[in-house]
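*Asks:* Shown below is the structure under consideration.
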Amino acid sequence: MKDKLKKVVQLFFPIILGSLVGLIIKNKIDYDYLIKPLFSPPKFIFPIAWSIIYLLMGISYLLLNRKNDIKGLEKGAYYAQFVVNILWSIIFFLFKYRLLACWWIILLDFLVLWMLVLFYKNDKFCCFLNIPYFIWCLYATYLTIGIYMLN
Numbered sequence: 000m001k002d003k004l005k006k007v008v009q010l011f012f013p014i015i016l017g018s019l020v021g022l023i024i025k026n027k028i029d030y031d032y033l034i035k036p037l038f039s040p041p042k043f044i045f046p047i048a049w050s051i052i053y054l055l056m057g058i059s060y061l062l063l064n065r066k067n068d069i070k071g072l073e074k075g076a077y078y079a080q081f082v083v084n085i086l087w088s089i090i091f092f093l094f095k096y097r098l099l100a101c102w103w104i105i106l107l108d109f110l111v112l113w114m115l116v117l118f119y120k121n122d123k124f125c126c127f128l129n130i131p132y133f134i135w136c137l138y139a140t141y142l143t144i145g146i147y148m149l150n
């Protein structure tokens, strides 16, 4: 039973933590009032995209752990990028430090890429599950920098 609970937590950890941060910043999100760059999505796309991405992250991490050969470096990369990811929302929306958010999301891009490389060496499928996340991060980098420059 304890092992099943651990797997459920690993699977849904990103969604749960992402949702908690969403609740914290909910009343501070000013996306509708910002001047946005071309190809900016409507606001309703973000929770859908992040829910899918967080689920894929949880699945990939669960699968790596299932093999019982996940290394400390892979865990470190996974949690480091996740912490940076979560803090970006707080920096951008809660504190409105837009310039810092630009640098922070570039850091996130590199951490996600590092995680992908490490996952690829261990389990290619787990790496591929996170490709949409990396693409979304690059897109979010474009949006973050664009919003900073236009506002």
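Using numbering that gives the first Met the number 0, you'd call the opening residue of the sequence shown number 0 and step up by one each time. Just so you know, even glycine gets a beta-carbon here, dropped at the ideal spot from N, CA and C. Computed from a predicted structure; not experimentally measured.
Would you mind sorting residue 87 into buried or exposed? The rule is 16 or more other CB atoms within 10 Å of its CB.
*Replies:* Taking the sequence shown and counting its residues from 1, the one referred to as residue 87 is at position 88. Residue 87 should be labelled buried.
*Asks:* For the segment 107-116 against the segment 71-84, are there 3 or more C-beta pairs whose distance is under 8 Å?
*Replies:* Judged by Cβ distances under 8 Å, the segment 107-116 makes contact with the segment 71-84, as three or more pairs qualify.
*Asks:* Run through DSSP, which three-state label would residue 10 get?
*Replies:* Numbered from 1 along the sequence shown, position 11 holds the residue referred to as residue 10. Helix, per DSSP.
*Asks:* Enumerate in chain order the residues of its own chain whose CB-to-CB distance from residue 20 is below 8 Å, with the five nearest sequence positions on each side excluded.
*Replies:* Residue mapping note: residue 20 aligns to position 21 of the sequence shown, counting from 1. The answer, listed in chain order, is 85, 88, 89.
*Asks:* Hey, is residue 31's beta-carbon within less than 9 Å of any beta-carbon in chain D?
*Replies:* In summary, chain D is missing from the structure at hand, where a single protein chain is found.
*Asks:* Okay, do the segment 41-51 and the segment 112-128 touch, 3+ Cβ pairs below 8 Å being the bar?
*Replies:* These segments do not touch.
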